[in-house]
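For reference, the structure discussed in these notes is given below.
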Amino acid sequence: MAQNPADTSLPGTGSPASYSRLQVILVLFALATGGFAIGIGEFAIMGLLPDVARSFTVSTPMAGHVISAYALGVVVGAPLIAILAARMARRQLLLLLMGCFAVTNILSAIAPDFNSFTLLRFLSGLPHGAYFGVGALVAASMVPIHYRVRAVGKVMLGLTVATLAGTPIMAFFGQVLSWEVMFWSVGLIAALTVTLIWLYLPQDDIVEGASIARELGAFARPQVWLTLAVAATGFGGMFAIFSYIASTVTEVTLLEASMVPVVLGVFGVGMNVGNLLGSKLADTFLMGTIGGMMVLNMLVMTAFGLGAGHVWVLLATVFLVGCGFAAGPAVQTRLMDVAADGQTMAAASMHSAFNVANAIGAWLGGLVIAWGYGYAATGFVGAVLSFLGLLVFAVSVWLEQKYPSAGHGRTHPCPAE
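With positions in the sequence shown counted from 1, the corresponding number in the working numbering is that position plus 1457.
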C-alpha cells in the first residue's frame, strides 16, 4: 500500500535540492565508514569465537554469550540514547556515538578476563543502533524522495562491505595473529569515521520541538511495533546460522579452518548484492520487497539445515542468506514512514530490533547445538524465525489495509516532493 513518507529533513540545513552530488557522496561515504567499523566489530567476532574461547579458557557456546551481550547493548542503547539526545544536533550526536564506539573497541582488545570482555562488548553495542538510526535519517534527508531507500542502503553498505571484505580479512588475521587485532582495527576505523563526519557532514541545529514525549509518541502507533517485530523475528534466522558458521564449516562440512574466511566472504558478497539490488527494488516496491525476502529466507535456511554437510550447498545457501539482508534498508525506511514525529527513536529502535534478532538467533542456535542436534540444525531455527517474521508482516499489511489511517506517519510530503 502506498503511503506518504515521513519528513526526515535535517534540521538547520537545506532541502535535498540544495546539496551537490559531491556533498551527498562525501556524507554517505563518511556514514558508511562508520557502518564498516560497526560491521566488523559485530560480525568478525563470530568467525573468531573458537579463538576467543581458547584465549579465555571457556567453551565455544559460552564464548557465544559475548554476541548476545553486544546485541543487548544495542537493544538498551538505541532507545536510551534517542531519549537522552532528543534535542541534540544530529552531527554532534553522530560524532559522540562513533567516538564512544572507538574507545570501547580499543578497550576490548586489552580486556584482562572474560567477564571484562563481555562487559565491554555490551558497552560497544550501546552506540550501534542510534548511529545507524540517525545516520539513516541524515541520509534520507539529503536525497529526493524516490532515492530514500537507496540512500539508507548506502549507509548500511558499510555494514555489508564489512561482511564481504572486513570480516574475512579480520578473521584471517585473527587466526594468524590474534583476535585482539580485530578490535584494534575497529577502534582505528571508528576514529577515522569521527574525522570524516567532522569534515563533511553539514552543521545542523538542535531539533526544534523535540522532546522525550514526542519521541516516545512513536510507540503509540501499532505499525511501529509490528515493523519492529518483523525485524526482531525475521532477521533472527540469519544470526542463528551466522553465529556458529565457523564451527559449521569445520565440523559439519568438514573443511579446514582456513576456509572460514572464504565462507564469510561468500556471505558478504550475498549481503552486498542483496543490499544494492534490494534497495533499488524497494524504492518502487517497498512492501513487496520485505515480504518477498522473508519467503526467500525461510526456504533458503531450510535448505541450509538439510544440506550444510555438502560444500556447494553450504556456499550457495550462505550466499542466499546474505542476500536476505536486502530487506534491511526496506524495513528501516518502512519504520521511518510509520513513526510520525518520533523518527529518531523509531529509526534507532530498528537496530534494537535487529539485535534482538541477533540475541534470539544466537541463543536459539546455541540451544539446539547444546541439545545435540548439531550445527546444521541452526538452519531450521532460522527457517522458523523467518516464518514468524512473515506472519507478523502479513498482520501488519492486513491491519494497514483495514485501518489505513492508523499506520501512517506524517501526512505532509517531504521537501523533495
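Each residue gets a CB set at the ideal place from its N, CA and C atoms; glycine is no exception.
These numbers were taken from a predicted model, which means no experiment stands behind them.
Taking the alpha helix (DSSP H) that PHE1493 falls in, what are its first and last residues?
Counted from its first residue, the sequence shown places residue 1493 at position 36. 1478–1504 is the extent of the alpha helix (DSSP H) around PHE1493.
Reference ARG1607; option with closest CA among LEU1656, ASP1740, THR1561, PHE1571:
The residue given as residue 1607 occupies position 150 in the sequence shown. Check the Cα spacing between ARG1607 and each of LEU1656, ASP1740, THR1561, PHE1571: the tightest is with ASP1740.
Near VAL1770, which residues of its chain fall below 6 angstroms by C-beta distance, leaving aside the five closest residues on each side in sequence?
What you label residue 1770 is simply residue 313 of the sequence shown in a count that begins at 1. So the list reads GLY1764, once near-sequence residues are dropped.
Does the distance from the CB of ASN1754 to the CB of SER1843 come in under 8 angstroms?
Position 297 of the sequence shown, counting from 1, holds the residue named residue 1754. Position 386 of the sequence shown, counting from 1, holds the residue named residue 1843. In this structure, SER1843 lies closer than 8 angstroms to ASN1754 by Cβ.
Which word fits GLU1646, buried or exposed, when buried means at least 16 other C-beta atoms lie within 10 angstroms of its C-beta?
As a position in the sequence shown, residue 1646 is number 189, starting the count at 1. One point to set straight first is that residue 1646 is Ile, not Glu, in the sequence displayed. With 16 or more other Cβ atoms within 10 Å, it is buried.
How many angstroms separate the CA atom of ALA1834 from the CA atom of ALA1510?
Here the question's residue 1834 lines up with position 377 in the sequence shown. Here the question's residue 1510 lines up with position 53 in the sequence shown. Roughly 22 angstroms separates the two Cα atoms.
Since TYR1701 and TYR1832 should fall inside the 8 angstroms C-beta cutoff, what is the C-beta to C-beta distance between them, to a whole number of angstroms?
Counted from its first residue, the sequence shown places residue 1701 at position 244. Counted from its first residue, the sequence shown places residue 1832 at position 375. Contact holds; Cβ gap of about 5 angstroms.
Taking Cβ positions, are GLY1694 and THR1617 nearer each other than 8 angstroms?
Taking the first residue of the sequence shown as 1, we reach residue 1694 at position 237. Taking the first residue of the sequence shown as 1, we reach residue 1617 at position 160. Cβ distance not < 8 angstroms, so GLY1694 and THR1617 don't count as in contact.
With a threshold of 6 angstroms on Cβ separation, who are the neighbours of ALA1819 within its own chain once the five nearest residues in sequence on each side are excluded?
Along the sequence shown, one-based indexing puts residue 1819 at 362. Answer for ALA1819: GLY1521, ILE1524, SER1525, PHE1696, SER1700, listed in chain order.
Roughly how many angstroms lie between the CA atoms of LEU1847 and ASN1732, to the nearest whole one?
Along the sequence shown, read from residue 1 onward, the residue named residue 1847 stands at position 390. Along the sequence shown, read from residue 1 onward, the residue named residue 1732 stands at position 275. Those two C-alpha atoms are separated by around 19 angstroms.
Nearest-angstrom beta carbon gap, ILE1826 and PRO1518 [assumed within contact, 8 angstroms]:
Within the sequence shown, the letter at position 61 stands for residue 1518. Within the sequence shown, the letter at position 369 stands for residue 1826. Between ILE1826 and PRO1518 the Cβ distance is about 7 angstroms, and since that is below 8 angstroms, they are a contact.
Closest to SER1853 by C-alpha separation, out of LEU1685, HIS1767, ASN1572, MET1807, would be which residue?
What you label residue 1853 is simply residue 396 of the sequence shown in a count that begins at 1. Answer by Cα proximity: LEU1685.
With a threshold of 8 angstroms on Cβ separation, who are the neighbours of LEU1673 within its own chain once the five nearest residues in sequence on each side are excluded?
Sequence index remark: in the sequence shown, residue 1673 carries index 216 (1-based). Result list for LEU1673: ILE1540, GLY1799, MET1802, in chain order.
Does the Cβ of ARG1791 have 16 or more other Cβ atoms within 10 Å, making it buried, or fewer, making it exposed?
Start at 1 with the first residue of the sequence shown, and residue 1791 comes out as number 334. ARG1791 comes out buried.
Going straight from the alpha carbon of PHE1493 to that of VAL1595, what length do you get?
Here the question's residue 1493 lines up with position 36 in the sequence shown. Here the question's residue 1595 lines up with position 138 in the sequence shown. About 17 angstroms.
Report yes or no: do the segment 1527–1538 and the segment 1576–1591 share at least 3 C-beta pairs separated by less than 8 angstroms?
Yes: the two stretches touch, three or more of their Cβ pairs being nearer than 8 angstroms.
Considering only the beta carbon of each residue, do THR1490 and GLY1615 sit closer than 8 angstroms?
Working through the sequence shown from its first residue, we reach residue 1490 at position 33. Working through the sequence shown from its first residue, we reach residue 1615 at position 158. Yes.
Between the alpha carbons of PHE1676 and PHE1850, how many angstroms are there, rounded?
Taking the sequence shown and counting its residues from 1, one reaches residue 1676 at position 219. Taking the sequence shown and counting its residues from 1, one reaches residue 1850 at position 393. Near 17 angstroms, if we compare the C-alpha coordinates of PHE1850 and PHE1676.
Cα separation between ASP1508 and VAL1788?
Within the sequence shown, the letter at position 51 stands for residue 1508. Within the sequence shown, the letter at position 331 stands for residue 1788. It is roughly 34 angstroms from the alpha-carbon of ASP1508 to the alpha-carbon of VAL1788.
Local Cβ density within 10 Å of ASP1570, reported as buried at 16 or more and exposed below that:
In the sequence shown, the residue the question calls residue 1570 occupies position 113. Per the 10 Å Cβ criterion, exposed.
Go through its chain and collect everything with a Cβ distance to ALA1796's Cβ below 8 angstroms, but skip five positions before and after it.
Position 339 of the sequence shown holds residue 1796. Here the set comprises ALA1463, ALA1675, ARG1678, VAL1681, MET1802, ALA1803, ALA1804, GLY1866.
Ranges of the alpha helix (DSSP H) found wholly within the segment 1704–1769, counting only runs of at least 4
1717–1739, 1743–1764
Would a C-beta distance cut-off of 8 angstroms place VAL1717 and VAL1706 closer than the cut-off?
In the sequence shown, counting from the first residue as 1, residue 1717 sits at position 260. In the sequence shown, counting from the first residue as 1, residue 1706 sits at position 249. Yes, they are a contact pair.
First and last residue of the uninterrupted alpha helix (DSSP H) at TYR1527
Residue numbering aside, residue 1527 sits at position 70 when the sequence shown is read from its first letter. First-last of the alpha helix (DSSP H) with TYR1527: 1522–1541.
Candidates GLN1480, GLY1556, LEU1551: closest to PHE1589 by CA position
One-based indexing of the sequence shown puts residue 1589 at position 132. Nearest C-alpha to PHE1589: LEU1551.
Can you tell me whether DSSP reads ILE1826 as helix, strand or coil?
Within the sequence shown, residue 1826 is the residue found at index 369, counting from 1. Residue state, collapsed to three classes: helix.
Whole-number beta carbon distance between THR1759 and PHE1837, since they are thought to touch under 8 angstroms
In the sequence shown, residue 1837 corresponds to position 380, counting from 1. In the sequence shown, residue 1759 corresponds to position 302, counting from 1. Indeed, because the Cβ distance is near 7 angstroms, the residues count as touching under 8 angstroms.
So, with DSSP's three-state summary, where would you put GLN1460?
Stepping through the sequence shown from its first residue, residue 1460 is reached at position 3. Low confidence applies here, because GLN1460 scores a pLDDT of 44, under 50, leaving its location unreliable; read the following figure in that light. It is coil, neither helix nor strand.
Give the range of the alpha helix (DSSP H) segment to which ASP1794 is assigned.
Taking the sequence shown and counting its residues from 1, one reaches residue 1794 at position 337. Looking at the DSSP string, the run of the alpha helix (DSSP H) that includes ASP1794 is 1784–1795.
For SER1853, does the three-state DSSP call read helix, strand or coil?
Here residue 1853 refers to the residue found at position 396 of the sequence shown. It is helical.
Mapping DSSP to helix, strand and coil, what is ALA1805?
Here residue 1805 refers to the residue found at position 348 of the sequence shown. Helix at ALA1805.
Within its chain, find whatever has a CB closer than 6 angstroms to the CB of TYR1657; leave out the 5 residues flanking it on each side and keep chain order.
Taking the sequence shown and counting its residues from 1, the one referred to as residue 1657 is at position 200. Counting only Cβ-Cβ distances below 6 angstroms, and skipping sequence neighbours, we find LEU1483, VAL1484, ALA1487.
Round the Cβ separation of VAL1757 and THR1774 to the nearest angstrom and send it over; I've been treating them as touching at under 8 angstroms.
Working through the sequence shown from its first residue, we reach residue 1757 at position 300. Working through the sequence shown from its first residue, we reach residue 1774 at position 317. For VAL1757 against THR1774, the beta-carbon gap comes to about 5 angstroms, under 8 angstroms, which counts as contact.
What span of residues does the alpha helix (DSSP H) with VAL1595 cover, start to end?
Here residue 1595 refers to the residue found at position 138 when the sequence shown is read from its first residue. In the DSSP assignment, VAL1595 falls within the alpha helix (DSSP H) that extends over 1571–1598.
Between THR1561, ALA1714, LEU1580, which has its C-alpha nearest LEU1537's C-alpha?
Here the question's residue 1537 lines up with position 80 in the sequence shown. Checking every option, the nearest Cα to that of LEU1537 belongs to LEU1580.
Is GLN1660 helix, strand or coil by DSSP?
As a position in the sequence shown, residue 1660 is number 203, starting the count at 1. Coil, per DSSP.
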